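Novice:
Chains as they are written, first to last, in my numbering: chain X, 1364 to 1669; chain F, 1364 to 1669.
(1) Select from the segment 1509-1541 of chain F all residues with a C-beta closer than 8 Å to any C-beta belonging to chain X, and list them in chain order.
(2) Based on DSSP bridge pairs, tell me the residues matched to residue 1397 of chain X.
(3) Between F:1474, F:1588 and F:1618, which has its C-alpha nearest residue 1545 of chain F's C-alpha?
(4) Taking all protein chains shown into account, do 16 or more other C-beta atoms lie within 10 angstroms of the C-beta of residue 1360 of chain X, making it buried, or fewer, making it exposed?
(5) Is DSSP giving residue 1496 of chain X helix, strand or coil here?
(6) Which class does residue 1502 of chain F belong to by DSSP, given the choice of helix, strand or coil?
(7) Where do the N-terminal and C-terminal ends of the beta strand (DSSP E) with residue 1561 of chain F fall, by residue?
(8) Name the one or two DSSP bridge partners that residue 1644 of chain X has.
(9) Is residue 1477 of chain F helix, strand or coil by DSSP?
(10) Check whether the Cβ atoms of residue 1374 of chain F and residue 1387 of chain F lie closer than 8 Å to each other.
(11) Taking the C-alpha atoms as reference points, what is the distance between residue 1665 of chain X and residue 1515 of chain X?
(12) Could you name each continuous alpha helix (DSSP H) segment of 4 residues or more that falls completely within the segment 1563-1619 of chain X, going from the start of the chain to the end?
(13) Where does residue 1555 of chain F land, buried or exposed, given buried means 16+ other C-beta within 10 angstroms?
(14) Under 8 Å, Cβ to Cβ, is there at least one residue of chain X near residue 1482 of chain F?
(15) At a Cβ threshold of 8 Å, is residue 1603 of chain F touching chain X?
(16) Residue 1583 of chain F touches chain X at which residues, Cβ-Cβ below 7 Å?
(17) Please list, in chain order, all residues of the same chain as residue 1575 of chain X whose beta carbon is under 7 Å from its beta carbon, the five residues on each side excluded.
(18) List in chain order: all unbroken beta strand (DSSP E) runs of 3+ residues lying wholly within the segment 1511-1541 of chain X.
(19) Roughly how many whole angstroms lie between the Cα atoms of residue 1620 of chain X and residue 1604 of chain F?
(20) So what does residue 1630 of chain F bridge to, in DSSP terms?
(21) Are any of the Cβ atoms in chain F nearer than 8 Å to that of residue 1567 of chain X?
(22) Based on DSSP bridge pairs, tell me the residues matched to residue 1693 of chain X.
(23) Beta-carbon of residue 1564 of chain X versus every beta-carbon of chain F: anything under 8 Å?
(24) Could you tell me which residues DSSP puts in a beta bridge with residue 1482 of chain X?
(25) Could you tell me which residues DSSP pairs with residue 1469 of chain F in its beta bridges?
(26) What are the boundary residues of the alpha helix (DSSP H) that includes residue 1415 of chain F?
(27) Please report whether the beta-carbon of residue 1364 of chain X lies at a distance below 8 Å from any beta-carbon of chain F.
(28) Put residue 1446 of chain X into one of helix, strand or coil per three-state DSSP.
(29) For a cutoff of 8 Å on Cβ pairs, would you count residue 1469 of chain F as touching chain X?
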């Protein structure tokens, strides 16, 4: 049974998994459920039943439901158009897209176009930004680590521009499919020192395609143990990302001495450590940023009981 | 039957294939044979029979045999030690390693250590450099495109330093195993314009992990056709490599306005085009550089009849 205090069901529905939050009036998270029912594993026509599976007994609640993430992509339930940057994050609630059967509403993704005319897109991260940055904070440089990590510039509640780095996916494909993976053994001990050395290497700007080859040459020279190769490589990739993102931020006249780090878990801890090693203040965002953002967007959209 | 004018059998023996040259006195290539008998496909103990297969009737020739490449690696026939940079290329012939049965001698690889203490290695490319750059040329910046492309600084016949870029392998694993490959279709037309746009994108220094994501966003925005994704990505990777390599060369006080391009085939043509698009003079090296280099090394080693 759903508790009577439920004001909103908020769902962060990504490519590999879906996570539902039962939220009370005011935005408190009462409960959370997750399932490996990501958009990437669902065929068209299977979304409604996946939602029922995810929500279980919450599905009976007479409560608004709102979702963000890849569920609004072309491969998702229904395509939710992108809002164009610069975009006022408080206005995302004006552009919600309902599923054909009215099961839930979906937050738009965000899109920007850089000086060279190349677009970039996000789905889900715009909602985490809403849940992590207050309008009165002025200018914030934020990173959302992930398979495709996002760096974003938010100014007085407006998403000015952002940039995607495929760091997590590069790490996974290099370890699984390149010659570097053949050098890597299972992790057996604390490889923090190897990670730190990798961060330093990646941040020196020598070029990623060159820097990563060090995983092979250092291992050949017995200067990197097999069980350190993965952490060293992770450090190089994250170090190079931070270097490039700071350069990008400087081009937008932001010094990047402080970075809001949004998300949870071990990957986020790696970014915090890497930033600190490079002398950058890692400013932690709140927990459950997607839930908080979905609540605020629902509030702005007038979905919640007053 | 082997022709009576054979002075040397020279073998460029790499990871995926082996190529043998029958050479006359003076260094002319009379004939060439190749086979998919690369070191990566051969188990220990199978090298002698692979050599017989490759040479076929040439194996009866009473002629010195010399090889370069991964055949001298730890995974090869016998490990040929590295020479340390800076290394006089004319002296490589003093450090040949014979196989246990005396079937052939193997040229050493080269090793250097950069300012940060990270080593780099090459096997085979040192021989191509010998075959491509004359001692009296002074300072030369060279690139040897490949799965792992090498940039080298040669000064008056000395290999000063070099740097490996995993560009070719990155291209292959990204197309085969990343989300970018899912955007790519088979090539159906001339995608030169897409390649050129990619080169420009890669050369702007925004960070490789960010730049490659454009293959997805440009395709989503219908600004890149499926059959152009591969060429655009190839351009980004090569453009970023050239940018990083020029930076590296400048750190060694070389302006990089002219680059010797060593090798043959379509990949080399891509590098020539990319260099020219970026305003750099692409100075073509000679054909069959490995054969020419092996001949010179054999000559310096006193292996040839006077």
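Ideal Cβ positions, reconstructed from N, Cα and C, are used throughout, including at glycine. Only a predicted model underlies this, so the values are computations on that prediction, with no experimental measurement involved.
Specialist: With the structure as the only source:
(1) 1511, 1526, 1527, 1528, 1529, 1530, 1532, 1533, 1536, 1537, 1539, 1540 and 1541
(2) X:1382
(3) F:1588
(4) Given a span of 1364 to 1669 for chain X in the structure shown, any question on residue 1360 of chain X remains unanswerable.
(5) coil
(6) It is a strand residue.
(7) No beta strand (DSSP E) contains residue 1561 of chain F, which is instead part of the alpha helix (DSSP H) from 1555-1566.
(8) X:1621
(9) Coil, per DSSP.
(10) no
(11) 27 Å
(12) 1571-1574, 1577-1583 and 1592-1614
(13) Taking every protein chain shown into account, the CB of residue 1555 of chain F has fewer than 16 other CB atoms within 10 angstroms, so this residue is exposed.
(14) yes
(15) yes
(16) 1484
(17) Close CB contacts of residue 1575 of chain X within its chain, under the 7 Å cut and outside five residues either way in sequence, are with 1537, 1543, 1596 and 1599 (chain order).
(18) 1512-1518 and 1521-1528
(19) 28 Å
(20) The beta-bridge partner set that DSSP reports for residue 1630 of chain F is empty.
(21) yes
(22) No statement about residue 1693 of chain X is possible, as the shown extent of chain X runs from 1364 to 1669 and does not include it.
(23) yes
(24) X:1476
(25) F:1430 and F:1460
(26) Bounds of the alpha helix (DSSP H) holding residue 1415 of chain F are 1410-1418.
(27) Summary for residue 1364 of chain X: the model assigns pLDDT 48, below 50, so the residue's position carries little reliability; its value from the coordinates is reported in the next sentence. No, its Cβ sits nowhere closer than 8 Å to a Cβ of chain F.
(28) strand
(29) no
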